[in-house]
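Enquirer:
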Amino acid sequence: MGMLPKCGTSTGQTKYYFNYALKTCSSYTSNGCDTSLNSFKSRIECEDFCLSAGCKSGDAVYKDPNTNTPFLCNTALQNNCPRNYQCTLNPLTQEHVCCGSDSMGK
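Residues 1 to 106 in full-length UniProt numbering are what the sequence shown spells out, letter by letter.
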């Protein structure tokens with residue numbers, strides 16, 4: 001097993017965190033001293049975790065295939081989400097997104 005670098009001794013590495021003000025994942029340069037749970041190795045890892053925050057365990061947020069961003073839904077409309085997805089409030093973004101799975105019911 002390799003040794004972890006000592007805090008502050010490694011060169012800067014790009015990581016990502018969920019920016020609550022912008023409601024998106026933003027990059028920062030890490031010096032190896034990260035102790036926050038809001039720290040991810042890649043933008044995709046950050047988005048997958050944070051943008052699915054309102055979804056039940058095992059479910060994921062539905063992404064618009066044209067923009068690759070979460071599909072925002074309206075709870076006042078029926079059938080607003082694709083099949084096997086439900087409109088759910090994401091507490092991090094305060095937006096309603098479609099949560100579910102393409103494999104549900106198969």
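C-beta atoms are modelled at their ideal positions from N, C-alpha and C, and glycine is treated no differently.
Keep in mind the model is a prediction, meaning the values are calculated, not measured.
Out of Gly12, Thr11, Pro91, Tyr17, state which residue places its alpha-carbon closest to the alpha-carbon of Cys55.
Expert: For the purposes of this step, residue 55 is taken as the residue at position 55 of the sequence shown. Checked all of Gly12, Thr11, Pro91, Tyr17; the closest Cα to Cys55 is Pro91.
Enquirer: Just to confirm my understanding: we take Ala53, look at its own chain, exclude 5 residues before and 5 after, and list those with CB closer than 7 Å. What are they?
Expert: Working through the sequence shown from its first residue, we reach residue 53 at position 53. The residues are Asn90, Pro91, Leu92.
Enquirer: Distance, Cα to Cα, Glu45 vs Arg83?
Expert: As a first step, residue 45 must be located in the sequence shown, where it is residue number 45. As a first step, residue 83 must be located in the sequence shown, where it is residue number 83. One C-alpha to the other measures close to 25 Å.
Enquirer: What residue range is occupied by the uninterrupted alpha helix (DSSP H) comprising Phe49?
Expert: Taking the first residue of the sequence shown as position 1, residue 49 is located at position 49. Here the alpha helix (DSSP H) through Phe49 covers 43-50.
Enquirer: Measuring alpha carbon to alpha carbon, tell me which of Thr67, Asn66, Asp48 ends up nearest Ala60.
Expert: Numbered from 1 along the sequence shown, position 60 holds the residue referred to as residue 60. The residue with the shortest Cα to Cα distance from Ala60 is Asp48.
Enquirer: Please work out which residues of its chain come closer than 6 Å, Cβ to Cβ, to Ser27, disregarding the five sequence neighbours upstream and downstream, and give them in chain order.
Expert: For the purposes of this step, residue 27 is taken as the residue at position 27 of the sequence shown. Hits under 6 Å: Thr14, Tyr16.
Enquirer: Given this structure, state the Cα-to-Cα distance separating Phe71 from Asn19, to the nearest angstrom.
Expert: Within the sequence shown, the letter at position 71 stands for residue 71. Within the sequence shown, the letter at position 19 stands for residue 19. So the alpha carbons of these two residues sit roughly 19 Å apart.
Enquirer: Starting from the Cα of Gln94, find the closest Cα among Ser39, Thr67, Ser30, Thr75 and give me that residue.
Expert: Working through the sequence shown from its first residue, we reach residue 94 at position 94. Cα-wise, what sits closest to Gln94 is Thr75.
Enquirer: Leu77: which of Thr69, Cys87, Asn68 sits nearest, CA to CA?
Expert: By one-based count along the sequence shown, residue 77 stands at place 77. Of Thr69, Cys87, Asn68, the residue nearest in Cα terms is Cys87.
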